[in-house]
Amino acid sequence: MINIKQFKKLLSNRRPKYAIILGSGLGAVADGIKNPLVIKYSDIEGFPTSTVPGHKGQMVIGKIGETEVLCMQGRFHMYEGYHPSIIKEMVVSLKQIGIRQLIITNAAGSLNPDFHPGEIMFISDHINFSGLNPLIGPNDESIGPRFVDMTSAYDAKLRSRFKSVAEKLKLKTHEGTYLMVTGPSFETPAEIRAFRTLGADAVGMSTVPEVISAAYCGLKTVAMSVITNFGAGMQKEKLSHEQTLSCAALGASSLTRLIKSFFTEK
Ligand code: HPA
Numbered sequence: 289m290i291n292i293k294q295f296k297k298l299l300s301n302r303r304p305k306y307a308i309i310l311g312s313g314l315g316a317v318a319d320g321i322k323n324p325l326v327i328k329y330s331d332i333e334g335f336p337t338s339t340v341p342g343h344k345g346q347m348v349i350g351k352i353g354e355t356e357v358l359c360m361q362g363r364f365h366m367y368e369g370y371h372p373s374i375i376k377e378m379v380v381s382l383k384q385i386g387i388r389q390l391i392i393t394n395a396a397g398s399l400n401p402d403f404h405p406g407e408i409m410f411i412s413d414h415i416n417f418s419g420l421n422p423l424i425g426p427n428d429e430s431i432g433p434r435f436v437d438m439t440s441a442y443d444a445k446l447r448s449r450f451k452s453v454a455e456k457l458k459l460k461t462h463e464g465t466y467l468m469v470t471g472p473s474f475e476t477p478a479e480i481r482a483f484r485t486l487g488a489d490a491v492g493m494s495t496v497p498e499v500i501s502a503a504y505c506g507l508k509t510v511a512m513s514v515i516t517n518f519g520a521g522m523q524k525e526k527l528s529h530e531q532t533l534s535c536a537a538l539g540a541s542s543l544t545r546l547i548k549s550f551f552t553e554k
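Heads up: the sequence shown begins at 289 in this note's numbering, then just goes up one per residue.
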């Protein structure tokens, strides 16, 4: 068991500036890392452990190309029973060990008929429909402000760097608004119709607490969704976690290439 101070010491000869949060079925991004340092969340003092199938609950630290990165294989969801302030603690820990840029991935359902399963959506804004906020509770002004400006929570520059890599790879990508629900039930057809009316392009059960926490402590963020299905009622089949994982596998290969190329293309 190690605490944050010991963790920082452990990283002193690697010093990653980028952290990558890997969503459902997207763990493969970390598999290409040579000589990885692997740390289980359960080995870090005060760190919660993730319970969802398909999530490993560990960090993999090492180089993609010439760049040191820290990959989070598994995240914490509100539907597991966690208060989102746990996500704030996790993101603030990343800032404290030297991370400056956060790359977030997730699996999401499409609300936009033009955004198909297997394609990637860059998130340019979000609607927090989770009913909670990770910053609720006492505030430490030395970490971030009480009232956080969300205008530039999704960093336009970092996003455009990713977009130009995607263009070079001829990947089909979109840009849109992500709406977060807590889950774990999928949405009803009526909810999907309502969310489309609100102007959302994709719906999912994660990411928003991470992005709010990153804006709070000053990390630059890019967030990308692998579209795994159309929202309930937009097509005939029922939704399942298995379908999410199998479509995520398709999109994951594109996203893996995109992230690797971001670090290796000059
Ligand atoms: N809804 C919510 N979360 C999701 C979905 C969905 O349709 N697909 C993948 N994650």
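The beta-carbon is built from N, C-alpha and C at its ideal position, and this holds for glycine as well.
Residue i CB to nearest heavy atom of the ligand HPA below 6 Å
i: residue 493; result: yes
i: residue 465; result: no
i: residue 364; result: no
i: residue 474; result: yes
i: residue 516; result: yes
i: residue 397; result: yes
Cβ neighbours of residue i in the same chain (closer than 6 Å, five flanking residues each side left out)
i: residue 432; result: 504 and 505
i: residue 512; result: 393, 408 and 410
Cβ pair residue i, residue j closer than 7 Å
i: residue 304; j: residue 348; result: no
i: residue 359; j: residue 292; result: no
i: residue 535; j: residue 324; result: no
i: residue 375; j: residue 422; result: yes
i: residue 395; j: residue 514; result: yes
i: residue 471; j: residue 370; result: no
i: residue 412; j: residue 442; result: yes
i: residue 542; j: residue 459; result: yes
i: residue 549; j: residue 453; result: yes
i: residue 390; j: residue 316; result: no
i: residue 450; j: residue 379; result: no
i: residue 345; j: residue 362; result: yes
Cut-off 8 Å between Cβ atoms - residues of its own chain near residue i, not counting five sequence neighbours on either side
i: residue 403; result: 409, 462, 464, 489, 490 and 515
i: residue 302; result: 325, 349, 350 and 356
Chain-order list of residues whose beta-carbon lies under 7 Å from that of residue i (same chain, five-residue window excluded)
i: residue 416; result: 468 and 496
Where residue i falls, given that 16 or more other Cβ within 10 Å makes a residue buried
i: residue 437; result: exposed
i: residue 477; result: exposed
i: residue 544; result: buried
Range covered by the alpha helix (DSSP H) that runs through residue i
i: residue 500; result: 496-505
i: residue 382; result: 373-384
i: residue 479; result: 477-486
i: residue 455; result: 444-456
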